Amino acid sequence: MLEYFKTFSVLATMCACLFWAVALFFKYYKKFTSHTYVLLLLSVASFVYLMVYAKFHEHFGFYSYLFPIQSFAVLCLWPLFYLFVHALTKNSPDFKLSYLLHFVFPLLMGITMFVLLYFWMDKDEMCQFISRHIYGDYIEGVKFKVGWYIYSIGKVAYLITSAIYTWFIYQDYKNHIKNSKDLFSNENSSDIKWVKSVVILYLFLFCFHVIIQVFSNEYVASHPLLIGVSYFIFAVFFFALGYFSFTQKQLYEPFSEVYEDEESKSNIVSSDEIKNYLIRQKPYLNPDYSLYDLCLHFNTNRTYLSQLINKDFSVNFRTMINTYRLSEAKALLYAEIKKNTYVSLEYVAAKSGFNSYSTFSRVFKQIEGISPQEYKEIIAKKISNDSSTVD
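Using this note's numbering, the letters of the sequence shown correspond one by one to residues 4 to 394.
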């Protein structure tokens with residue numbers, strides 16, 4: 004029974020990766036986006052877990068033949084996840100040559116294993132090394148000792164790089180949350196909270212990674228329950244990663260990169276011009292209104308405009324836009340109550356540019372100090388008292 008569970012868990016992990024890799028391919032194959040990195044990640048992971056299946060079911064001929072590629076592929080997983088998050092949270096998802104540096108060590112490890120297995124060892128020695136030596140059944144000989152040391156270095160490197168890239172991902176996520184308040188008026192437009200959840204899940208998985216990597220292959224292979232539980236959680240992790248990546252929209256519009264350049268767009272804008280534009284045109288009624296939209300209107304760059312708002316309005320872009328939305332909401336509430344017309348707060352939130360009532364309620368209380376319902380009751384009472392005074 005445990006053997007079936009082990010097999011199911013390993014295959015479920017491979018299938019989860021393969022399923023979302025195919026789904027992402029058909030959705031994004033026409034253009035290079037941040038999702039291209041996670042597509043590559045899931046494709047590589049599919050191969051990795053196919054190799055895991057081959058190892059645990061003792062298909063050593065197949066496993067040894069592709070082992071150098073496996074050595075490269077395993078070490079590419081977390082760099083690819085990092086590059087996905089990094090590209091997602093930047094205005095430009097384009098590939099940069101500097102990104103290749105993340106794959107130098109994995110490539111060296113793959114080449115080293117290729118030279119060791121295909122040039123230094125003969126076919127029988129290669130099969131012996133894969134089927135016996137890395138399982139703890141030590142064989143005398145310089146070739147096998149060198150191979151064991153290289154294999155051990157790869158295992159330790161995987162754990163260390165996993166921790167390092169998890170930290171990099173967390174830093175990019177934290178910086179994105181901080182910067183998004185200066186770029187997006189609606190927090191849902193820049194929402195990647197799932198990244199935090201996936202990283203937290205990975206930290207839990209890290210314990211299983213340590214067990215699998217630190218203990219000998221012979222020990223791990225003899226405990227099918229450990230393998231089954233570990234890879235079942237891996238399956239959940241990769242399925243969640245695939246699902247959230249597939250549903251995650253691109254955060255930045257194609258034109259946004261143009262307005263990042265401080266030199267190319269530097270028209271001078273005054274705070275009065277911004278105020279007049281917001282009051283007359285009311286662009287904030289668009290729930291997805293962003294700083295890039297404002298840059299587009301004034302034909303200036305993001306850094307300049309963001310600094311101007313921070314300095315002259317003493318708030319970030321999101322707070323400034325939400326302040327205008329609240330003014331719109333209060334005016335609408337007052338007008339409808341004065342006409343003795345019932346108006347729902349959900350309707351007011353939508354007509355004022357908020358993407359949801361929960362956001363409207365939270366922002367209202369944050370800025371006004373009272374809830375929208377309390378404000379509505381105060382206004383209704385004030386209008387009623389004013390009417391009584393006139394009568």
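By construction, the Cβ of each residue, glycine as well, lies at the ideal position given by its N, Cα and C atoms.
Keep in mind the model is a prediction, meaning the values are calculated, not measured.
Pairing residue 308 with residue 297 gives a Cβ-Cβ distance under 8 Å. Cβ-Cβ separation between residue 289 and residue 356: approximately 7 Å, consistent with a contact (criterion under 8 Å).
Rounded to the nearest whole angstrom, the CA to CA distance from residue 381 to residue 315 is 32 Å.
The C-beta of residue 131 has 16 or more other C-beta atoms within 10 Å across all chains shown, which makes the residue buried. Take residue 231, set aside five residues on each side of it, and the residues of its chain with a beta-carbon closer than 8 Å to its own are 5, 8, 9, 11, 12, in chain order.
Runs of the alpha helix (DSSP H) spanning 4 or more residues and lying entirely within the stretch 109-193 occur at 126-134, 145-183, in chain order. Put simply, of 378, 291, 162, 245 the residue whose alpha carbon is nearest the alpha carbon of residue 188 is 291. Between residue 186 and residue 294, the gap from beta carbon to beta carbon is short of 8 Å. If you draw a 10 Å sphere on the C-beta of residue 376, you find fewer than 16 other C-beta atoms in it, and that means exposed.
For residue 81, the number of other beta carbons within 10 angstroms of its own is at least 16, and it is reported as buried. DSSP assignment within the stretch 29-59 yields the following whole alpha helix (DSSP H) runs of 4 residues or more, N-terminal first: 38-59. The distance from the Cβ of residue 48 to that of residue 20 is about 4 Å, consistent with a contact at the 8 Å cut-off. Taking 8 Å as the upper bound for CB-CB distance, residue 15 and residue 235 are in contact here, some 7 Å apart. Residue pairing from DSSP places residue 293 in a beta bridge opposite 187. Here residue 157 is buried: its Cβ has 16 or more other Cβ atoms, across all protein chains shown, within 10 Å.
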